[in-house]
Amino acid sequence: LMRNLYPVQGQNKEIELVIGYGIDVTKIKEIQLEKEQGEKRYRDVIENTLAVVITHDLNGKFLTVNPMVEKMYGYKDSEVLGKNLPDFMPKADRLMFNRGYLEKIRTEKEATGVFRIKHKNGNIVYNLYNNYLKEESGIEPYIIGFAIDITDRILAEKELKIAKKATEDLAKTKQNFLANMSHEIRTPMNAILGLSHQLQKTTLSGKQQMYLDTITNSSENLLVIINDV
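The sequence shown begins at 1 in the numbering used here and counts up by one.
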């Protein structure tokens, strides 16, 4: 109950009576309480989520950050607020931020992709982000951003690519080795077979013919093995 009391003075300036009235503000208080509880739940979600949640203006200047920023990047709120997002990115990525990110989100109202952020300790953190442009009447437009750390996945993919390339290089080396070996063996074997065929045209004794047949059959068998390899 909200009460208001007004004293009424007499001719001698003494208070003769007090006029008072009250207004039932139970509903108003309930609405205020629900609003405060809702705002608290919202803050609890933002502060305890495993994702980075930030807001920044249309130039990339941080407006708000949640506690995950310090956990993920090592910077306290005071080291981030008022600074520009590109200040925390590798120099090679800053041009992409202005041309690829800001221009896109201004025209399409949202943007998704990967940012690289420099951790306070110097390491690079890869972030998958999903950001939205918020435009509300009476306030300056701003961007709300959500990001998760995908560094382990990126590094695993890089290691997989390295391992894949090493496997492909090894397979290519084996292929080249077998091709060269096959060529080096096949050349003298063809020479042996060629000479054997020439000897077949000459007059040979029975023992010589047996030796020649053995040479020819052995050479042909070796060629089969080489072809299989």
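Ideal placement from N, C-alpha and C gives every residue a C-beta, glycine not left out.
Item to check | C-alpha distance - Val239 paired with Arg153, whole-angstrom precision | outcome: Here the chain covers residues 1 to 229 and nothing more, so residue 239 does not appear.
Item to check | Closest by C-alpha distance to Asn121, when choosing among Met72, Tyr142 and Gly194 | outcome: One-based indexing of the sequence shown puts residue 121 at position 121. It is Met72 whose Cα lies nearest to the Cα of Asn121.
Checklist entry - In or out: Leu85 buried (at least 16 other Cβ within 10 Å) or exposed? => result Indexing the sequence shown from 1 puts residue 85 at position 85. Under this definition Leu85 is a buried residue.
Checklist entry - Just how far apart, CA to CA, sit Glu175 and Thr216? => result For the purposes of this step, residue 175 is identified with residue 175 of the sequence shown, where counting begins at 1. For the purposes of this step, residue 216 is identified with residue 216 of the sequence shown, where counting begins at 1. At residue 175 the sequence reads Gln, which differs from the Glu that was named. C-alpha separation (whole angstroms): 28 Å.
Item to check | Length-filtered (3 minimum) beta strand (DSSP E) runs lying within the segment 116–157 | outcome: 124–134 and 142–149
Item to check | Inside the segment 8–94 only - beta strand (DSSP E) runs reaching at least 3 residues | outcome: 15–23, 52–56 and 62–65
Checklist entry - Does the pairing of the segment 8–22 with the segment 100–116 give three or more beta-carbon distances under 8 Å? => result no
Checklist entry - How many angstroms separate the CA atom of Ile150 from the CA atom of Asn127? => result For this step, residue 150 is matched to residue 150 along the sequence shown. For this step, residue 127 is matched to residue 127 along the sequence shown. For Ile150 and Asn127, the distance between alpha carbons rounds to 6 Å.
Item to check | Buried versus exposed, by CB contacts within 10 Å (16 or more), Leu95 | outcome: If you number the sequence shown from 1, residue 95 lands on position 95. Label assigned to Leu95: exposed.
Next on the checklist: Is it buried or exposed, Gly145, if we count other Cβ atoms within 10 angstroms and call 16 or more buried?
Outcome noted: The residue labelled residue 145 in the question sits at position 145 within the sequence shown. Per the 10 Å Cβ criterion, buried.
Item to check | Alpha-carbon spacing of Ser223 relative to Met189, whole angstroms | outcome: Reading the sequence shown from its first residue, position 223 is the one you call residue 223. Reading the sequence shown from its first residue, position 189 is the one you call residue 189. The residue you asked about is not Ser; residue 223 is Leu in the sequence shown. Rounded to the nearest angstrom, the two C-alpha atoms are 7 Å apart.
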